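Peer 1:
Numbering (my numbering), first residue to last: 944 to 1352.
Encoded structure:
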């Protein structure tokens, strides 16, 4: 483990926890679901709640001014984090909310009967179901870019052919939450732009793990969640190319997003305010600001390398065990590994591992179509972050070996 990462473990109180009733420390390997929070985030949110809290915007008093400054500073920080313009940053409740916003605003405005929406076989339900519902309403067609069966990333030649057919939209997961495969977002967005296709990047699994630049990527929209990048729950970021945001109608209506209201009509503000109706996630935005500062103080390139190295060591160890099937690319894996054990249900396996202090995730991981394609109803997933160690990988491998012996004896 990188010495700097070793010392940073001390910043995360939850990593010191033990399994209830057992004298065994928790090895938190569920980072693809949510990451732990460092003290700096916890303390900043508490400090704000004690000394700066009020509702934001239009308040003509000291605390409201402090809160507004802090909230808008978080927007500026998010813009720097994603290498975007401040006016292109919208705060949502998370990636799911951001993608639903796009389907119900950009989609309603732009998708017509007979149009094609291009998705991939990798997509999380949050980047699948909203588009299926939109397609049903609009009588559009959903088409899926296939995976290369060997590399388990998207087949770029077939993707190019699909893009040449002129879909209205191409939306894809930057990093698969099951396979750990990393898609070539910049190349994909370039291909789509050449064909005039609007692009959406689901960056839920990448925003906290690697450098992201919307400018270099060239995407039209990008969504991510604060709780997967050391921040709090209840807040996410939607980046949108500003000229597209200007064309989009509101999704939710209420206070703050209106310009003028009469008994018979209403007009609406320009983005981002147009898409932030009501009281926003103020404390959460302040916490996310602290989380982004924290991550950038570490270096996201180092985070990506460390997490990937742990995942690859785990994958290699699991491949050596009889009766195990490891999913994901042979090379270039992000920081997670998903696997199944022949004859053992994933829920039983993960329950067994929890008794040994190993915190994993079991199930279909909100990607049922992909799991069906892989031929498994459920699987177990270990996902790593910069605060995880090789010792925890070894504990995982030992725990899985014990579980296999227990369930198959």
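The beta-carbon is built from N, C-alpha and C at its ideal position, and this holds for glycine as well.
Being a predicted model, the structure only gives us computed values, none of them experimental.
Leaving aside the five residues before and after residue 1156 along the sequence, list all residues of the same chain whose C-beta is less than 8 Å from its C-beta, in chain order.
Peer 2: Only 1025 and 1026 meet the Cβ criterion.
Peer 1: Going residue by residue through the stretch 1209 to 1295, where are the continuous alpha helix (DSSP H) segments of at least 4 residues, counting only ones entirely within it?
Peer 2: List check, alpha helix (DSSP H) in window: 1225 to 1241 and 1243 to 1262.
Peer 1: Drop a sphere of 10 angstroms on the beta-carbon of residue 1409, count the other beta-carbons inside from all chains shown, and report buried for 16 or more, exposed for fewer.
Peer 2: Lying outside 944 to 1352, the shown extent of the chain, residue 1409 is not represented and no answer is given.
Peer 1: On the premise that residue 1164 lies in contact with residue 1135, defined as a C-beta separation below 8 Å, what is that separation, rounded to the nearest angstrom?
Peer 2: In fact, because the Cβ distance is near 12 Å, the residues do not count as touching under 8 Å.
Peer 1: Just to confirm the assignment, what range does the alpha helix (DSSP H) spanning residue 1342 have?
Peer 2: Run containing residue 1342: 1333 to 1351, per the alpha helix (DSSP H) assignment.
Peer 1: Which same chain residues end up closer than 8 Å to residue 1286 when comparing Cβ atoms and leaving out the 5 residues on each side of it in sequence?
Peer 2: So the qualifying residues of the chain are 1266, 1350 and 1351.
Peer 1: I'd like the list of long-range same chain contacts for residue 1068, defined as Cβ closer than 8 Å, with 5 residues on each side in sequence excluded.
Peer 2: Only 1309, 1310 and 1311 meet the Cβ criterion.
Peer 1: For residue 1012, name the three-state secondary structure that DSSP assigns.
Peer 2: Here residue 1012 sits in helix by DSSP.
Peer 1: Does the Cβ of residue 1324 have 16 or more other Cβ atoms within 10 Å, making it buried, or fewer, making it exposed?
Peer 2: With 16 or more Cβ atoms within 10 Å of its Cβ, residue 1324 is classed as buried.
Peer 1: Count the CB pairs spanning the stretch 1219 to 1229 and the stretch 1188 to 1197 that are closer than 8 Å, and state whether there are at least three.
Peer 2: Counting Cβ pairs under 8 Å, three or more are found: they touch.
Peer 1: Rounded to whole angstroms, what is the Cα-Cα separation between residue 955 and residue 981?
Peer 2: C-alpha separation (whole angstroms): 5 Å.
Peer 1: Alpha carbon to alpha carbon, how far is residue 1103 from residue 1252? Give it in angstroms, no decimals.
Peer 2: For residue 1252 and residue 1103, the distance between alpha carbons rounds to 31 Å.
Peer 1: Does the Cβ-Cβ distance between residue 1038 and residue 1145 come in under 8 Å?
Peer 2: Their beta carbons are under 8 Å apart, which means residue 1038 touches residue 1145 by this criterion.
Peer 1: Rounding to the nearest angstrom, what Cα-Cα distance links residue 991 and residue 1226 in this structure?
Peer 2: Each residue's Cα considered, the two are about 7 Å apart.
Peer 1: How is residue 1302 classed by DSSP in three states: helix, strand or coil?
Peer 2: Here residue 1302 sits in strand by DSSP.
Peer 1: Please report whether the beta-carbon of residue 994 lies at a distance below 8 Å from any beta-carbon of chain E.
Peer 2: Within the model displayed, chain E is absent; a lone protein chain is all it includes.
Peer 1: Residue 1341: buried (16+ other C-beta within 10 angstroms of its C-beta) or exposed?
Peer 2: Exposed is the call here.
Peer 1: Using alpha carbons as the reference points, say which of 996, 1329 and 1094 lies closest to residue 1276.
Peer 2: Checked all of 996, 1329 and 1094; the closest Cα to residue 1276 is 1094.
Peer 1: Taking the beta strand (DSSP E) that residue 1142 belongs to, which residues open and close that run?
Peer 2: First-last of the beta strand (DSSP E) with residue 1142: 1141 to 1145.
Peer 1: Would you give the residue range spanned by the alpha helix (DSSP H) that residue 1040 belongs to?
Peer 2: Looking at the DSSP string, the run of the alpha helix (DSSP H) that includes residue 1040 is 1038 to 1047.
Peer 1: Please go through the same chain and pick out, in chain order, the residues whose beta-carbon is closer than 6 Å to the beta-carbon of residue 1043, but skip the five residues on each side of it.
Peer 2: Answer for residue 1043: 1073, listed in chain order.
Peer 1: Compare the Cα-Cα distances from residue 1322 to each of 1329, 1313 and 1337 and report the closest residue.
Peer 2: If we check each option's Cα against that of residue 1322, 1313 comes out closest.
Peer 1: Pairs of beta-carbons, one from the stretch 1241 to 1250 and one from the stretch 1181 to 1194, closer than 8 Å: are there three or more?
Peer 2: They do not touch, by the three-pair rule.
Peer 1: Given that a residue counts as buried once 16 or more other Cβ atoms are within 10 Å of its Cβ, and exposed if not, what is residue 1132?
Peer 2: Under this definition residue 1132 is a buried residue.
Peer 1: Rounded to whole angstroms, what is the Cα-Cα separation between residue 1099 and residue 1017?
Peer 2: Going from the Cα of residue 1099 to the Cα of residue 1017 covers about 36 Å.
Peer 1: Under 8 Å, do residue 1299 and residue 967 count as touching if we go by C-beta distance?
Peer 2: Cβ atoms of residue 1299 and residue 967: closer than 8 Å.
Peer 1: Hey, quick one: how far does the beta strand (DSSP E) through residue 1059 stretch, first residue to last?
Peer 2: Residues 1059 to 1063.
Peer 1: Measuring alpha carbon to alpha carbon, tell me which residue in 1256, 1307, 1138 and 1007 is nearest residue 1338.
Peer 2: Checking every option, the nearest Cα to that of residue 1338 belongs to 1256.
Peer 1: Looking at residue 1261: is its Cβ nearer than 8 Å to the Cβ of residue 1269?
Peer 2: Going by C-beta atoms, residue 1261 is nearer than 8 Å to residue 1269.
Peer 1: I'd like to confirm the pairing. Which residues does DSSP put opposite residue 1112 in its beta bridges?
Peer 2: DSSP, once it has assigned bridges, lists 1060 and 1141 as partnering residue 1112.
Peer 1: With DSSP as the reference, identify every bridge partner of residue 1167, one or two as the case may be.
Peer 2: Answer by DSSP bridge pairing, in chain order: 1180.
Peer 1: Could you tell me whether the Cβ atoms of residue 1122 and residue 1281 are closer together than 8 Å?
Peer 2: Against a cut-off of 8 Å, the Cβ pair of residue 1281 and residue 1122 comes out as a contact.
Peer 1: In whole angstroms, give me the CA-to-CA distance for residue 1097 and residue 1138.
Peer 2: For residue 1097 and residue 1138, the distance between alpha carbons rounds to 18 Å.
Peer 1: Tell me which residue opens and which closes the beta strand (DSSP E) that residue 1034 is part of.
Peer 2: Residues 1032 to 1035.
Peer 1: Would you call residue 1089 buried or exposed, if buried means 16 or more other Cβ atoms sit within 10 Å of its Cβ?
Peer 2: Exposed, since its Cβ has fewer than 16 Cβ neighbours within 10 Å.
Peer 1: Going along the chain, which residues of its own chain have a beta-carbon closer than 6 Å to the beta-carbon of residue 1142, five neighbours each way excluded?
Peer 2: The answer, listed in chain order, is 1113, 1132, 1135, 1162 and 1163.
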